[in-house]
Amino acid sequence: MNKVSLPEKRIMFCWQSIPAEYCDPNSGYNEIEALNEIGRTSLTDTTKKFCSKPKLRANDLIDEHDNNLNESHIVSMLENLAEGGKSSQKSCFSKQTLAIIIPYRNRYMHLMDLLRRLHKLLSRQNCDYTVFLVEQAFDEVFNKGKIMNAATKEILKEEKFNCFIYHDVDMLPIDDRNIYSCGSEPRHLSPALDEMRFQLPYSGLVGGVLALNRRQLDRTNGFSNEYWGWGAEDDDMHRRIMASGFRIDRPQSSFGRYKMVKHKKRLKAKGRFKLLKNWMNRWQKDGLSNIVDLGYKIISVRKQPLFTNLTIDIGSPPDDLEEDNTTAQGSPVRFLAIFFCVSISIYTFKEL
2 MNKVSLPEKR
12 IMFCWQSIPA
22 EYCDPNSGYN
32 EIEALNEIGR
42 TSLTDTTKKF
52 CSKPKLRAND
62 LIDEHDNNLN
72 ESHIVSMLEN
82 LAEGGKSSQK
92 SCFSKQTLAI
102 IIPYRNRYMH
112 LMDLLRRLHK
122 LLSRQNCDYT
132 VFLVEQAFDE
142 VFNKGKIMNA
152 ATKEILKEEK
162 FNCFIYHDVD
172 MLPIDDRNIY
182 SCGSEPRHLS
192 PALDEMRFQL
202 PYSGLVGGVL
212 ALNRRQLDRT
222 NGFSNEYWGW
232 GAEDDDMHRR
242 IMASGFRIDR
252 PQSSFGRYKM
262 VKHKKRLKAK
272 GRFKLLKNWM
282 NRWQKDGLSN
292 IVDLGYKIIS
302 VRKQPLFTNL
312 TIDIGSPPDD
322 LEEDNTTAQG
332 SPVRFLAIFF
342 CVSISIYTFK
352 EL
(Lines of atoms letter the chains of each structure in order from A and count residues from 1; the text may use other names and numbers.)
(Lines give C-alpha, C1' and ligand atoms only; values in the text may rest on other atoms or scores of the structure.)
Protein backbone atom coordinates (compact mmCIF):
# COMPACT_ATOMS: atom_id res chain seq x y z
CA MET A 1 0.00 0.00 0.00
CA ASN A 2 1.07 3.58 -0.57
CA LYS A 3 2.25 5.23 2.60
CA VAL A 4 0.78 8.63 3.50
CA SER A 5 3.11 10.94 5.40
CA LEU A 6 1.69 14.38 4.73
CA PRO A 7 1.29 16.29 8.03
CA GLU A 8 -2.00 17.79 6.87
CA LYS A 9 -3.39 14.26 6.38
CA ARG A 10 -2.41 13.41 9.95
CA ILE A 11 -4.01 16.56 11.35
CA MET A 12 -7.25 15.74 9.55
CA PHE A 13 -7.12 12.16 10.77
CA CYS A 14 -6.48 13.18 14.38
CA TRP A 15 -9.53 15.41 14.30
CA GLN A 16 -11.51 12.38 13.14
CA SER A 17 -10.74 10.53 16.40
CA ILE A 18 -8.03 8.18 15.17
CA PRO A 19 -5.72 7.15 18.09
CA ALA A 20 -2.65 9.25 18.74
CA GLU A 21 -0.12 6.80 17.27
CA TYR A 22 -1.69 7.24 13.83
CA CYS A 23 -1.44 11.03 14.10
CA ASP A 24 2.35 10.96 13.90
CA PRO A 25 3.36 12.17 10.39
CA ASN A 26 6.23 9.65 10.47
CA SER A 27 4.12 6.63 11.41
CA GLY A 28 3.82 5.50 7.79
CA TYR A 29 0.22 4.37 8.09
CA ASN A 30 -2.21 5.12 5.35
CA GLU A 31 -5.89 5.71 6.10
CA ILE A 32 -7.12 2.19 5.33
CA GLU A 33 -4.38 0.55 7.41
CA ALA A 34 -5.10 2.79 10.38
CA LEU A 35 -8.83 2.15 10.25
CA ASN A 36 -8.26 -1.57 9.83
CA GLU A 37 -6.14 -1.77 12.97
CA ILE A 38 -8.82 -0.15 15.12
CA GLY A 39 -11.53 -2.34 13.64
CA ARG A 40 -13.35 0.22 11.49
CA THR A 41 -12.88 -1.57 8.18
CA SER A 42 -11.20 -4.43 6.35
CA LEU A 43 -8.69 -4.40 3.55
CA THR A 44 -11.48 -5.13 1.05
CA ASP A 45 -12.69 -1.55 1.56
CA THR A 46 -9.68 -0.08 -0.27
CA THR A 47 -11.78 0.78 -3.33
CA LYS A 48 -14.48 2.58 -1.32
CA LYS A 49 -14.15 6.35 -1.08
CA PHE A 50 -14.42 8.30 2.13
CA CYS A 51 -17.48 10.51 2.50
CA SER A 52 -16.98 14.02 1.17
CA LYS A 53 -17.69 17.12 3.19
CA PRO A 54 -21.49 17.35 3.54
CA LYS A 55 -23.51 20.27 2.23
CA LEU A 56 -25.23 21.61 5.33
CA ARG A 57 -28.11 24.04 5.48
CA ALA A 58 -27.87 25.85 8.80
CA ASN A 59 -31.19 25.85 10.66
CA ASP A 60 -33.87 24.11 8.60
CA LEU A 61 -33.74 20.69 10.29
CA ILE A 62 -37.51 20.38 10.48
CA ASP A 63 -40.65 22.10 9.38
CA GLU A 64 -41.63 23.90 12.57
CA HIS A 65 -45.26 23.82 11.42
CA ASP A 66 -45.23 20.02 11.24
CA ASN A 67 -46.47 18.99 14.68
CA ASN A 68 -46.96 15.33 13.81
CA LEU A 69 -44.75 13.42 16.28
CA ASN A 70 -46.13 10.01 15.39
CA GLU A 71 -43.32 7.47 15.10
CA SER A 72 -44.46 6.06 11.75
CA HIS A 73 -44.70 9.58 10.29
CA ILE A 74 -41.13 10.33 11.37
CA VAL A 75 -39.87 7.04 9.89
CA SER A 76 -41.55 7.84 6.55
CA MET A 77 -39.55 11.06 6.31
CA LEU A 78 -36.17 9.34 6.69
CA GLU A 79 -33.98 7.46 4.21
CA ASN A 80 -31.33 4.76 4.74
CA LEU A 81 -32.60 4.00 8.24
CA ALA A 82 -32.45 0.35 9.29
CA GLU A 83 -34.18 -1.35 12.19
CA GLY A 84 -32.84 -0.32 15.57
CA GLY A 85 -32.20 3.30 14.59
CA LYS A 86 -29.12 2.33 12.60
CA SER A 87 -27.83 4.05 9.49
CA SER A 88 -24.71 3.62 7.38
CA GLN A 89 -23.63 5.32 4.22
CA LYS A 90 -23.88 3.11 1.13
CA SER A 91 -22.01 5.30 -1.34
CA CYS A 92 -19.08 6.35 0.84
CA PHE A 93 -17.09 5.35 3.91
CA SER A 94 -17.53 7.29 7.16
CA LYS A 95 -14.44 7.64 9.35
CA GLN A 96 -16.38 7.22 12.58
CA THR A 97 -19.11 4.94 13.85
CA LEU A 98 -21.26 6.80 16.35
CA ALA A 99 -23.19 5.37 19.28
CA ILE A 100 -25.81 7.96 20.24
CA ILE A 101 -26.81 7.16 23.84
CA ILE A 102 -29.99 8.78 25.18
CA PRO A 103 -30.83 8.21 28.87
CA TYR A 104 -34.59 8.13 29.10
CA ARG A 105 -37.64 7.87 31.33
CA ASN A 106 -41.28 8.63 30.43
CA ARG A 107 -40.65 11.44 27.92
CA TYR A 108 -42.15 10.00 24.73
CA MET A 109 -43.19 13.24 22.98
CA HIS A 110 -39.88 14.88 23.80
CA LEU A 111 -38.12 11.80 22.43
CA MET A 112 -40.03 11.89 19.14
CA ASP A 113 -39.28 15.60 18.75
CA LEU A 114 -35.58 14.89 19.29
CA LEU A 115 -35.42 11.88 16.96
CA ARG A 116 -37.05 13.60 13.98
CA ARG A 117 -34.35 16.28 14.19
CA LEU A 118 -31.45 14.03 15.15
CA HIS A 119 -31.84 11.43 12.41
CA LYS A 120 -32.13 14.18 9.80
CA LEU A 121 -29.00 15.93 11.09
CA LEU A 122 -26.93 12.72 11.22
CA SER A 123 -28.05 11.71 7.73
CA ARG A 124 -27.06 15.09 6.30
CA GLN A 125 -23.64 14.76 7.93
CA ASN A 126 -23.00 11.36 6.25
CA CYS A 127 -22.70 9.62 9.62
CA ASP A 128 -22.60 5.90 10.37
CA TYR A 129 -24.53 5.64 13.61
CA THR A 130 -26.95 3.79 15.88
CA VAL A 131 -29.31 5.50 18.32
CA PHE A 132 -29.60 3.73 21.69
CA LEU A 133 -32.45 4.62 24.02
CA VAL A 134 -31.39 3.62 27.53
CA GLU A 135 -34.15 3.12 30.10
CA GLN A 136 -33.72 2.45 33.79
CA ALA A 137 -35.93 -0.45 34.83
CA PHE A 138 -38.63 -0.15 37.46
CA ASP A 139 -39.46 3.04 39.32
CA GLU A 140 -36.25 3.57 41.26
CA VAL A 141 -34.58 6.95 41.68
CA PHE A 142 -32.99 7.84 38.34
CA ASN A 143 -29.22 7.45 38.06
CA LYS A 144 -28.17 8.90 34.72
CA GLY A 145 -24.45 8.18 35.05
CA LYS A 146 -24.90 4.55 36.04
CA ILE A 147 -27.29 3.63 33.22
CA MET A 148 -25.03 5.36 30.68
CA ASN A 149 -22.02 3.39 31.98
CA ALA A 150 -23.96 0.11 31.87
CA ALA A 151 -25.19 0.87 28.33
CA THR A 152 -21.66 1.72 27.19
CA LYS A 153 -20.34 -1.59 28.51
CA GLU A 154 -23.07 -3.52 26.69
CA ILE A 155 -22.71 -1.60 23.42
CA LEU A 156 -18.96 -2.25 23.36
CA LYS A 157 -19.66 -6.00 23.40
CA GLU A 158 -21.60 -5.89 20.15
CA GLU A 159 -20.05 -3.45 17.69
CA LYS A 160 -16.84 -1.50 17.22
CA PHE A 161 -18.05 2.02 17.83
CA ASN A 162 -15.29 4.61 18.10
CA CYS A 163 -17.37 7.63 19.14
CA PHE A 164 -19.92 7.80 21.95
CA ILE A 165 -22.31 10.76 22.09
CA TYR A 166 -24.30 11.08 25.33
CA HIS A 167 -27.43 13.04 24.48
CA ASP A 168 -30.11 14.37 26.86
CA VAL A 169 -33.62 13.84 25.51
CA ASP A 170 -34.57 17.50 26.09
CA MET A 171 -31.74 18.86 23.89
CA LEU A 172 -33.18 19.58 20.44
CA PRO A 173 -30.51 20.49 17.84
CA ILE A 174 -31.20 23.58 15.77
CA ASP A 175 -28.26 23.88 13.35
CA ASP A 176 -26.95 20.99 11.24
CA ARG A 177 -23.54 22.66 10.92
CA ASN A 178 -22.84 21.40 14.45
CA ILE A 179 -20.86 18.28 13.47
CA TYR A 180 -21.64 15.16 15.50
CA SER A 181 -18.24 13.52 15.84
CA CYS A 182 -15.42 12.88 18.28
CA GLY A 183 -12.08 14.65 18.20
CA SER A 184 -8.72 14.62 19.90
CA GLU A 185 -10.40 16.35 22.89
CA PRO A 186 -13.79 15.66 24.49
CA ARG A 187 -16.43 17.65 22.59
CA HIS A 188 -19.25 19.48 24.37
CA LEU A 189 -21.67 19.89 21.47
CA SER A 190 -24.38 21.92 23.26
CA PRO A 191 -22.83 25.18 24.51
CA ALA A 192 -25.66 27.48 23.36
CA LEU A 193 -29.19 26.91 24.71
CA ASP A 194 -32.18 29.04 23.86
CA GLU A 195 -33.24 29.42 27.49
CA MET A 196 -29.78 30.78 28.31
CA ARG A 197 -29.83 33.27 25.44
CA PHE A 198 -27.41 31.04 23.52
CA GLN A 199 -24.59 31.88 25.92
CA LEU A 200 -22.36 29.40 27.78
CA PRO A 201 -23.25 29.96 31.46
CA TYR A 202 -19.96 28.63 32.90
CA SER A 203 -16.78 27.14 31.44
CA GLY A 204 -17.15 23.80 33.23
CA LEU A 205 -20.48 22.93 31.63
CA VAL A 206 -20.40 19.59 29.76
CA GLY A 207 -24.04 18.54 30.24
CA GLY A 208 -26.56 18.21 27.44
CA VAL A 209 -24.64 16.60 24.56
CA LEU A 210 -21.11 15.25 25.11
CA ALA A 211 -18.94 13.30 22.63
CA LEU A 212 -16.14 11.02 23.85
CA ASN A 213 -13.97 8.59 21.90
CA ARG A 214 -12.66 5.29 23.27
CA ARG A 215 -9.41 6.76 24.55
CA GLN A 216 -11.23 9.57 26.37
CA LEU A 217 -13.69 7.12 27.92
CA ASP A 218 -10.85 4.95 29.18
CA ARG A 219 -8.92 7.83 30.69
CA THR A 220 -11.90 9.55 32.35
CA ASN A 221 -13.37 6.20 33.51
CA GLY A 222 -16.77 7.22 32.19
CA PHE A 223 -19.37 8.79 34.46
CA SER A 224 -19.73 8.45 38.21
CA ASN A 225 -22.16 5.77 39.40
CA GLU A 226 -22.90 7.55 42.68
CA TYR A 227 -25.36 10.33 41.76
CA TRP A 228 -28.89 9.07 42.45
CA GLY A 229 -31.23 11.84 41.31
CA TRP A 230 -30.71 15.07 39.40
CA GLY A 231 -27.67 17.32 39.60
CA ALA A 232 -23.85 17.44 39.63
CA GLU A 233 -23.10 14.26 37.64
CA ASP A 234 -22.07 16.34 34.62
CA ASP A 235 -19.90 18.64 36.74
CA ASP A 236 -18.22 15.51 38.10
CA MET A 237 -17.49 14.48 34.50
CA HIS A 238 -15.94 17.87 33.77
CA ARG A 239 -13.49 17.36 36.62
CA ARG A 240 -12.61 13.90 35.30
CA ILE A 241 -11.94 15.31 31.85
CA MET A 242 -9.61 17.99 33.19
CA ALA A 243 -7.83 15.59 35.56
CA SER A 244 -7.19 13.25 32.61
CA GLY A 245 -5.21 15.95 30.83
CA PHE A 246 -7.83 16.91 28.27
CA ARG A 247 -9.48 20.22 27.52
CA ILE A 248 -13.05 20.83 26.40
CA ASP A 249 -13.64 21.43 22.71
CA ARG A 250 -16.85 23.21 21.68
CA PRO A 251 -18.40 24.36 18.41
CA GLN A 252 -18.85 28.08 18.01
CA SER A 253 -22.07 29.29 19.61
CA SER A 254 -23.62 30.16 16.25
CA PHE A 255 -23.49 26.43 15.34
CA GLY A 256 -23.86 24.64 18.69
CA ARG A 257 -27.43 25.81 19.26
CA TYR A 258 -30.19 23.82 20.95
CA LYS A 259 -33.75 24.28 22.02
CA MET A 260 -34.19 23.00 25.56
CA VAL A 261 -37.59 21.39 26.14
CA LYS A 262 -39.26 22.55 29.33
CA HIS A 263 -40.00 19.70 31.69
CA LYS A 264 -40.36 18.76 35.32
CA LYS A 265 -36.97 18.20 36.94
CA ARG A 266 -36.07 14.90 38.55
CA LEU A 267 -35.62 14.61 42.30
CA LYS A 268 -32.39 16.30 43.31
CA ALA A 269 -29.54 13.91 44.05
CA LYS A 270 -28.99 13.42 47.76
CA GLY A 271 -25.46 14.17 48.86
CA ARG A 272 -24.53 15.59 45.46
CA PHE A 273 -22.43 18.48 46.77
CA LYS A 274 -20.55 16.19 49.13
CA LEU A 275 -19.94 13.73 46.28
CA LEU A 276 -18.76 16.51 44.01
CA LYS A 277 -16.46 17.88 46.69
CA ASN A 278 -14.79 14.47 47.06
CA TRP A 279 -14.69 13.56 43.37
CA MET A 280 -10.89 13.23 43.29
CA ASN A 281 -10.89 10.43 45.85
CA ARG A 282 -13.29 8.35 43.74
CA TRP A 283 -12.99 9.00 40.04
CA GLN A 284 -10.41 6.36 39.09
CA LYS A 285 -12.38 3.58 40.80
CA ASP A 286 -15.94 4.88 40.35
CA GLY A 287 -17.22 4.62 36.77
CA LEU A 288 -16.79 2.19 33.90
CA SER A 289 -14.12 0.35 35.90
CA ASN A 290 -16.56 -0.82 38.60
CA ILE A 291 -19.96 -0.85 36.87
CA VAL A 292 -19.83 -4.64 36.42
CA ASP A 293 -18.86 -5.18 40.07
CA LEU A 294 -21.76 -2.97 41.21
CA GLY A 295 -24.06 -5.19 39.21
CA TYR A 296 -26.67 -4.48 36.57
CA LYS A 297 -29.03 -6.65 34.57
CA ILE A 298 -30.24 -6.24 31.01
CA ILE A 299 -34.01 -6.64 31.17
CA SER A 300 -34.63 -6.31 27.45
CA VAL A 301 -33.10 -5.26 24.12
CA ARG A 302 -35.71 -4.21 21.54
CA LYS A 303 -35.01 -2.90 18.07
CA GLN A 304 -37.54 -0.23 17.12
CA PRO A 305 -37.66 1.67 13.82
CA LEU A 306 -36.02 4.80 15.28
CA PHE A 307 -33.80 3.37 18.03
CA THR A 308 -32.51 0.32 19.87
CA ASN A 309 -34.08 0.22 23.32
CA LEU A 310 -31.99 -1.07 26.24
CA THR A 311 -33.87 -1.50 29.52
CA ILE A 312 -31.43 -1.98 32.39
CA ASP A 313 -31.90 -2.80 36.07
CA ILE A 314 -29.18 -0.96 37.96
CA GLY A 315 -30.58 -1.66 41.42
CA SER A 316 -31.65 0.75 44.15
CA PRO A 317 -29.88 3.65 45.82
CA PRO A 318 -28.09 2.78 49.07
CA ASP A 319 -30.17 3.08 52.25
CA ASP A 320 -27.50 5.24 53.91
CA LEU A 321 -27.52 7.92 51.21
CA GLU A 322 -27.11 11.17 53.11
CA GLU A 323 -28.78 14.52 52.61
CA ASP A 324 -26.44 17.41 51.88
CA ASN A 325 -25.35 19.43 54.85
CA THR A 326 -23.13 21.54 52.63
CA THR A 327 -24.39 24.50 50.64
CA ALA A 328 -24.15 25.15 46.95
CA GLN A 329 -21.82 28.10 47.52
CA GLY A 330 -19.29 28.22 44.72
CA SER A 331 -21.09 25.54 42.76
CA PRO A 332 -22.25 25.86 39.14
CA VAL A 333 -25.84 25.95 40.42
CA ARG A 334 -25.10 29.17 42.23
CA PHE A 335 -23.34 30.59 39.18
CA LEU A 336 -26.36 29.77 37.03
CA ALA A 337 -28.64 31.63 39.42
CA ILE A 338 -26.36 34.67 39.25
CA PHE A 339 -26.21 34.38 35.45
CA PHE A 340 -29.98 34.45 35.12
CA CYS A 341 -30.35 37.39 37.49
CA VAL A 342 -27.73 39.40 35.60
CA SER A 343 -29.24 38.46 32.21
CA ILE A 344 -32.73 39.52 33.27
CA SER A 345 -31.40 42.77 34.71
CA ILE A 346 -29.53 43.61 31.49
CA TYR A 347 -32.55 42.74 29.35
CA THR A 348 -34.86 44.86 31.52
CA PHE A 349 -32.41 47.79 31.39
CA LYS A 350 -32.23 47.60 27.56
CA GLU A 351 -36.02 47.62 27.29
CA LEU A 352 -36.32 50.82 29.36
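Per my numbering, numbering through the sequence shown is continuous, rising by one, with the last residue being 353. Glycine residues also receive a C-beta, built at the ideal position from the N, C-alpha and C atoms.
In angstroms, rounded to a whole number, what distance separates the CA positions of residue i and residue j?
i: residue 198; j: residue 82; result: 34 angstroms
i: residue 147; j: residue 179; result: 27 angstroms
i: residue 175; j: residue 133; result: 21 angstroms
i: residue 71; j: residue 293; result: 37 angstroms
i: residue 231; j: residue 91; result: 41 angstroms
i: residue 215; j: residue 284; result: 17 angstroms
i: residue 195; j: residue 205; result: 18 angstroms
i: residue 278; j: residue 106; result: 28 angstroms
i: residue 50; j: residue 139; result: 46 angstroms
i: residue 288; j: residue 308; result: 25 angstroms
i: residue 252; j: residue 244; result: 22 angstroms
i: residue 54; j: residue 319; result: 49 angstroms
In the structure shown, what three-state DSSP assignment does residue i receive?
i: residue 282; result: helix
i: residue 233; result: coil
i: residue 88; result: strand
i: residue 292; result: helix
i: residue 220; result: helix
i: residue 62; result: coil
i: residue 76; result: helix
i: residue 250; result: strand
Going by Cα to Cα distance, which pick from the options is closest to residue i?
i: residue 249; options: 100, 103, 111 and 203; result: 203
i: residue 131; options: 95, 171, 89 and 158; result: 89
i: residue 84; options: 314, 54 and 310; result: 310
i: residue 217; options: 247, 129, 102 and 296; result: 247
i: residue 137; options: 122, 160, 108 and 96; result: 108
i: residue 295; options: 209, 282 and 317; result: 317
i: residue 128; options: 153, 149, 113 and 93; result: 93
i: residue 110; options: 96, 75, 191 and 95; result: 75
DSSP puts residue i in a beta bridge; with which residues?
i: residue 214; result: 164
i: residue 228; result: Paired residues: none, contrary to the question.
i: residue 136; result: 105 and 312
i: residue 189; result: 211
i: residue 261; result: 172
Using 9 angstroms as the limit for Cβ to Cβ distance, is residue i near chain B?
i: residue 260; result: Annotation note: the requested chain B is absent from the structure, which comprises a single protein chain.
Say whether the region 180-187 touches the region 151-169, bearing in mind that this needs 3 or more beta-carbon pairs closer than 8 angstroms, one atom from each stretch. yes
Stretch-stretch touch, CB-based, cutoff 8 angstroms, three pairs: the region 138-153 with the region 223-230: yes
Per the contact definition of three or more C-beta pairs closer than 8 angstroms, is the region 228-246 in contact with the region 267-283? yes
Contact between the region 105-118 and the region 238-257: three or more CB pairs below 8 angstroms? no
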